[in-house]
Structure formats: structure tokens, C-alpha cells
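**Student:** After the C-alpha cells below, expect a handful of questions from me.
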Amino acid sequence: MARKHTRVPNTSDEHNNNILYPKEDREQKVLLYACRNCDHQDVAADPTLPRTRAVQCAVCNHPEAVFFQATTRGEEGMTLFFVCCNPSCGYRWRD
Numbered sequence: 001m002a003r004k005h006t007r008v009p010n011t012s013d014e015h016n017n018n019i020l021y022p023k024e025d026r027e028q029k030v031l032l033y034a035c036r037n038c039d040h041q042d043v044a045a046d047p048t049l050p051r052t053r054a055v056q057c058a059v060c061n062h063p064e065a066v067f068f069q070a071t072t073r074g075e076e077g078m079t080l081f082f083v084c085c086n087p088s089c090g091y092r093w094r095d
């Protein structure tokens, strides 16, 4: 009998089931998880980022997002960024 393989949540590319590896996005100053075989990247899979249900995605209405603070070029202070946790969305917005 053949074993059925299942996708481990937040650790594999939903398109081809390859493992996602940590990758630094120096411009946005955030840790991404990226597939080495295609362009798929996922910030929502980062287990070090805090999650919140206090916001809702404007694109898909998903009730959960990860968030992080970063400085933006040309702006003073910190900006709060959100990324939708819906694997099929991934919409990013700032507060």
C-alpha cells in the first residue's frame, strides 16, 4: 500500500510541495520563507512573527495576519506592516 504524503502547514510551497527555506528580504527587513525551485515566498509562514486576529484582510476577508515593524525610506519613525495569513492571498498592507 502506498503511503500518502501530506503537506506540512507553513513549511512547504503550496504549488509544488517543496520545502520553504529562510530568506532575508533586506529591503523590507523581514525574514521570508522561499522555495528554491520557483518564485514562491511566504512571510506568513515565519514562526517568529506575531499573529493577530484584530485585523481583517481587505482582499479576502481572512481574519488573521502576521505583523512587523520596519522603517520606510524617506519616512521618520516605524511603520507597522501586516501580511494576510491566508495561503492563497498573502496581501500586504501597512497601518
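Read in order, the letters of the sequence shown are residues 1 to 95 in UniProt numbering.
C-beta: ideal position from N, C-alpha, C; glycine also.
Spatial neighbours of residue 95 within its chain, please: C-beta separation below 6 Å, excluding the five flanking residues on both sides.
**Tutor:** Hits under 6 Å: 80.
**Student:** Quick check: what's the CA-CA separation for residue 4 versus residue 87?
**Tutor:** With a pLDDT of 31 at residue 4, under the threshold of 50, the predicted position of this residue should be treated as unreliable, though the coordinate-derived value follows. Approximately 22 Å between the Cα atoms of the pair.
**Student:** Output yes or no for whether 8 Å exceeds the beta carbon distance between residue 89 and residue 38.
**Tutor:** The answer is no: Cβ separation not under 8 Å.
**Student:** For residue 32, list the residues DSSP reports as bridge partners.
**Tutor:** Answer is 23.
**Student:** Are residue 83 and residue 55 touching if we call contact CB-CB under 8 Å?
**Tutor:** It is not a contact, given that the beta carbons lie outside the stated cut-off.
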